[in-house]
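Visitor: Structure below; questions to follow.
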Amino acid sequence: MRFVSEFRDPATGKKVLQQIEQQLRQLGHDASHPLKIMEVCGGHTHTIFKFGLEGMLPPSIELVHGPGCPVCVLPVGRLDDAIAIASQPDVIFTTFGDTLRVPGSQKSLLQCKAEGADIRTVYSPTDALSLARQHPQKKVVFFGIGFETTAPATALTLLQAREEAVSNFSVFCNHITIIPTLEAILADPSLRIDGFLGPGHVTMVIGLEPYTFVCDVHKKPFVISGFEPLDVLQSLVMLLEQFRQGRCFVENQYKRLVQPQGNRVAQQAMQTVFEAREHFEWRGLGSIPHSGLRLREAFSAFDAEKHFAIPAQQVADPKACQCGDVLKGAIKPWQCKVFGTACTPETPIGACMVSSEGACAAYYNYGRLSTSRKLEATR
Amino acid sequence: MTSSKDTEHPLFQRIEGVRQRTGRVRDPIVTQAHGGGGKAMRDLIDDVICGALGMSAQQIQEDQARFSLAALAQYGDRLAFTTDAYVVSPLFFPGGDIGKLAVNGTINDLAVSGAIPLYLSCSLIIEEGLPMETLRAVLQSMGEAARAASVHFVTGDTKVVPRGAADQLFVTTTGIGVIPQGLEIAAHQLQPNDAILINGYLGDHGAAILVARGELQLETTIESDCAALHGLIAALHDAGITIRAMRDITRGGLSAVLNELAQASQVHIAVDGTKLPIRPEVQGFCEILGFDPIHLANEGKLALAVPSEQIEQALKVMHAHPLGQQAAHIATCRPTPAGLVTLDTGFGGERILEMLVGEQLPRIC
Ligand code: SF4
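In order, the protein sequences belong to chains V and B. Heads up: the first sequence begins at 16 in the working numbering, then just goes up one per residue. Heads up: the second sequence begins at 2 in the working numbering, then just goes up one per residue.
Here is the structure:
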């Protein structure tokens, strides 16, 4: 644990915070003109929330919580498809725990489970493959979600399944990729982001090179960051330094884990198993070209979309939901009309309220604290 | 034709003798016959259950346990009465089993009111097909836990349900205790400046159960903290500590308990995240899986509120007890914002400590 605590040292944190404040002052930012930095990855949102970083940072910098929470961007239609598969006889539907409570158009997977579907939480796709081996008479489906962080594990599991010729295992593939997503966000004219904290785990897989367009074409500095609180603060310092020096590059703060070229084995496995879909629907962001992955023809025997009759309906996001604007950083979660009233962690309308990496859920918790603090101060 | 002579035949006497004998259960598994109300069930109760739980055949001749009010009144002036169902899976895990859990859990529910736990009931729902050995082992463990805590089983019930209608074995224990005169421990009594103490490492039980399920393919040395806490509580009373409020920290973890206390007393509870006792193994387990030990279940931990001037004395008493060696002062009550629990992250930030909306994990107790 020494490894972790090293990156949680409050004294160092304080020093780095002072440095950030100073840099912001030199850059001429204040509370009315804050510098806006988007963290792309839900893991960073989680760290920021868990360690209360937002409350420690000066008001002259604003963190915008981007679309990097894979649970949050899963569209209603795909969730309905998952529920349809899970409800079929002789199916064991396996999924990461955090998808269970995401609302579909009629119900969530959790409700579906209560109604009798055999839905099991797993911690990795290999667990799902083991289940398939243990229950040869059942059809075991793995709900593949996530960016390039989780996609390689799905790919490697599928390679394993093919090698062993496990015939009762399939994947309902909802994996997505980061680069088309960033492209879509950057192409949006309503976007107001000055720079990015880049996703550490995704970059471990894909490497630094794919991000260069963010700097070259869009002129936004991009720093790959680790997930400890000091990592995040340090990455902000690196971004601010780029602004101060008028530079614009992809930089790597997470050198202890991220190699510039990424992980070739993982890339190779993904390349073998997956291909890009023409379009993939995102909750809140609409359809983004080439952002989703599906199984290649050679793996169609393991493709749940080919085995099961699924509705494959596009379902509009709930009308009241402004998740898209939140994900793009156009509004803050509390500016959504239903935030904290109709939409709470108990009764989520949008998916951003479900996952602990979701911007709305994080704000629901943290925002209440700063509000009550302010009330206290005015008393 | 049978004559009176025939019934005196040694064969009949032998049969009669066998009929009178308390039955031995030789079946390798529990079947529906064991719940049928007939001889098989009598044998199960006599042979497998009563002995292990320390009940005499005489005691269970009636359908109810009977107590002398005068005898109870020696201990105090109010009864405490609680019930709890245990459905943990797996039945056996490092540090305990469903039986020990059922005894200690109910004892703890009584003890945190200040009550002296006295009597327990044991109600079993058995899925047919349960190995008899498993049932014996669980009951053995229940008996041992009860003896260790000086509480007595006085009544019970047994049902056998068809395969699939229950998962192996469910245990319900009900407990009666007596609260000594003058003792008032209640969730609404927290006052600003009161200190919240806990008696040791958080999250051991929850982590041990998760590992024991074998789904994580992790190997750890983490054991459940399953233990009866009334001895520790008695030591605090004996030392003259004023306990304003007390809860055992079970499902929902510390965060659930603190939120309940903050709500009931309308105070702000400020937790110092750096003071939380957490085993390095449990911390590591949580880092890997994205859990928070503060939400994990415990089965031998309590949180209590004491006036600030008694912090040191209370800690001293707890540190001297085997179940309180890692006791720590982890939080302080403040007047506002009322009803809220916050956590100083130790990194300079602060966040709200919410109760979990759903369960972090299914079926852990
Ligand atoms: S408050 Fe709810 S509906 Fe509004 S953006 Fe957040 S998750 Fe979506």
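All C-beta atoms in this analysis are idealised placements derived from N, C-alpha and C, irrespective of residue type, glycine included. Just so you know, these numbers come straight off a predicted model, no measurement behind them.
Measuring from the CB of F64/V, is there a heavy atom of ligand 1 at a distance below 7 Å?
Guide: F64/V: no, Cβ never under 7 Å from ligand 1.
Visitor: Residues in its own chain within less than 7 Å of V273/V by CB, not counting five upstream and five downstream?
Guide: If we look at V273/V and ignore the five residues flanking it on each side, its Cβ neighbours are G215, T218, M219, I239 and N267.
Visitor: Going along the chain, which unbroken runs of the alpha helix (DSSP H) with 4 or more residues stay wholly within the stretch 229-292 of chain B?
Guide: Segments of the alpha helix (DSSP H) lying fully in the stretch 229-292 of chain B: 231-239, 254-266 and 281-290.
Visitor: Using 8 Å as the Cβ pair cut-off and three pairs as the minimum, do the stretch 100-119 of chain B and the stretch 242-252 of chain B touch?
Guide: Touching, yes.
Visitor: Under 7 Å Cβ-Cβ, which residues of chain V neighbour G349/B?
Guide: Neighbours of G349/B on chain V, chain order: P25, G28, K29 and M71.
Visitor: Please tell me whether, using a cut-off of 7 Å, the distance from the CB of Q65/B to the nearest non-hydrogen atom of ligand 1 is below it.
Guide: Because no heavy atom of ligand 1 lies under 7 Å away, the Cβ of Q65/B does not count as near it: no.
Visitor: K51/V by DSSP, collapsed to three states: which one?
Guide: It is a strand residue.
Visitor: In chain B, which residues lie less than 7 Å from L68/V when you measure between Cβ atoms?
Guide: Going along chain B in sequence order, the residues near L68/V (Cβ under 7 Å) are G350.
Visitor: So V380/V contacts chain B; which residues on that side make the cut at Cβ distance below 7 Å?
Guide: First, the residue type needs correcting, since residue 380/V is Asn and not Val in the sequence shown. Going along chain B in sequence order, the residues near N380/V (Cβ under 7 Å) are R352, I353 and E355.
Visitor: Pull up the DSSP beta-bridge partners for S302/V, would you.
Guide: Its beta-bridge partners are E296/V.
Visitor: Along the chain, where does the alpha helix (DSSP H) that runs through V252/V open and close?
Guide: Residues P244 to Q260.
Visitor: Given a cut-off of 8 Å, decide if F171/B and V49/B are closer than it, judged by their beta-carbon atoms.
Guide: Not in contact: V49/B and F171/B (Cβ atoms no closer than 8 Å).
Visitor: Relative to the alpha-carbon of G299/V, which residue among A291/V, Q328/V, G112/V and D340/V has its alpha-carbon at the smallest distance?
Guide: When only C-alpha atoms are compared, the closest one is D340/V.
Visitor: Using 10 angstroms around the beta-carbon of A332/B, count the other beta-carbons present and answer buried if the total reaches 16, otherwise exposed.
Guide: Per the 10 Å Cβ criterion, buried.
Visitor: Please report the straight-line C-alpha distance between A327/V and F295/V, rounded to a whole angstrom.
Guide: Whole-angstrom Cα-Cα distance: 12 Å.
Visitor: Is I364/V near ligand 1 - that is, is its Cβ less than 7 Å away from at least one heavy atom of it?
Guide: Yes, since a heavy atom of ligand 1 falls inside the 7 Å radius drawn around the Cβ of I364/V.
Visitor: What are the start and end residues of the alpha helix (DSSP H) that includes H61/V?
Guide: Element bounds for H61/V: G57 to K65.
Visitor: Per the contact definition of three or more C-beta pairs closer than 8 Å, is the stretch 152-169 of chain B in contact with the stretch 122-133 of chain B?
Guide: The stretch 122-133 of chain B is in contact with the stretch 152-169 of chain B.
Visitor: Note down, in chain order, each residue of its chain lying with its Cβ closer than 6 Å to the Cβ of N109/B, except the 5 sequence neighbours on either side.
Guide: These residues qualify, in order along the chain: L230 and D249.
Visitor: If the cut-off is 9 Å on Cβ atoms, which residues from the stretch 138-155 of chain V count as contacting chain B, listed in chain order?
Guide: Listed by position along the chain: Y138, S139, T141, D142 and S145.
Visitor: Considering Cα atoms alone, identify which of E17/B, D78/B and M133/B is closest to I30/B.
Guide: Of E17/B, D78/B and M133/B, the residue nearest in Cα terms is M133/B.
Visitor: Listing by chain order, which chain B residues have their CB less than 8 Å from the CB of F64/V?
Guide: Near F64/V (Cβ distances below 8 Å), the residues of chain B are R352.
Visitor: On the three-state DSSP scale, how would you describe I224/B?
Guide: One detail in the question is off: residue 224/B reads as Glu in this sequence, not Ile. Three-state result, E224/B: coil.
Visitor: Taking the C-alpha atoms as reference points, what is the distance between Q249/V and N105/B?
Guide: Their Cα atoms are separated by approximately 48 Å.
Visitor: What residues match up with A332/B in a beta bridge as DSSP calls it?
Guide: Partner(s): I197/B and V272/B.
Visitor: So the candidates are D98/B, P294/B and L203/B; which of them puts its Cα closest to the Cα of Q327/B?
Guide: Comparing Cα positions, the closest option is L203/B.
Visitor: Check whether the Cβ of C84/V lies closer than 7 Å to any heavy atom of ligand 1, and answer yes or no.
Guide: No.
Visitor: If we ignore side chains and look at the alpha-carbon of each, how far apart do R17/V and R23/V end up?
Guide: For R17/V, the predicted model reports a pLDDT of 46, less than 50, meaning its position is unreliable; a value from the coordinates is still stated below. So the alpha carbons of these two residues sit roughly 10 Å apart.
Visitor: Return the chain-ordered list of same chain residues with a C-beta closer than 6 Å to the C-beta of T141/V, the five sequence neighbours on each side being excluded.
Guide: Closer than 6 Å at the Cβ level, and outside the excluded window around T141/V, lie T172.
Visitor: With a threshold of 7 Å (Cβ to nearest heavy atom), would V88/V be considered close to ligand 1?
Guide: No; taking the cut-off as 7 Å, the Cβ of V88/V has no heavy atom of ligand 1 nearer than that.
Visitor: Can you list, in chain order, the residues of the stretch 320-348 of chain B whose Cβ is nearer than 7 Å to any Cβ on chain V?
Guide: Correct list: T337, P338, L341, T343, T346, G347 and F348.
Visitor: Can you give the beta carbon distance from L146/V to V155/V, rounded, assuming they're within the 8 Å contact cut?
Guide: The pair is a contact, with the Cβ atoms about 5 Å apart (cut-off 8 Å).
Visitor: Where does C123/B fall in DSSP's three states?
Guide: Strand at C123/B.
Visitor: Cutting at 7 Å between CB atoms, please list the residues of its own chain near Q65/B, excluding the five before and the five after it.
Guide: Excluding positions up to five away in sequence, the list reads T156.
Visitor: Spatial neighbours of H80/V within its chain, please: C-beta separation below 6 Å, excluding the five flanking residues on both sides.
Guide: T60 and A374.
Visitor: Run through the DSSP bridge pairs and tell me what E266/V is partnered with.
Guide: According to DSSP, which records beta bridges pairwise, E266/V is partnered with V238/V.
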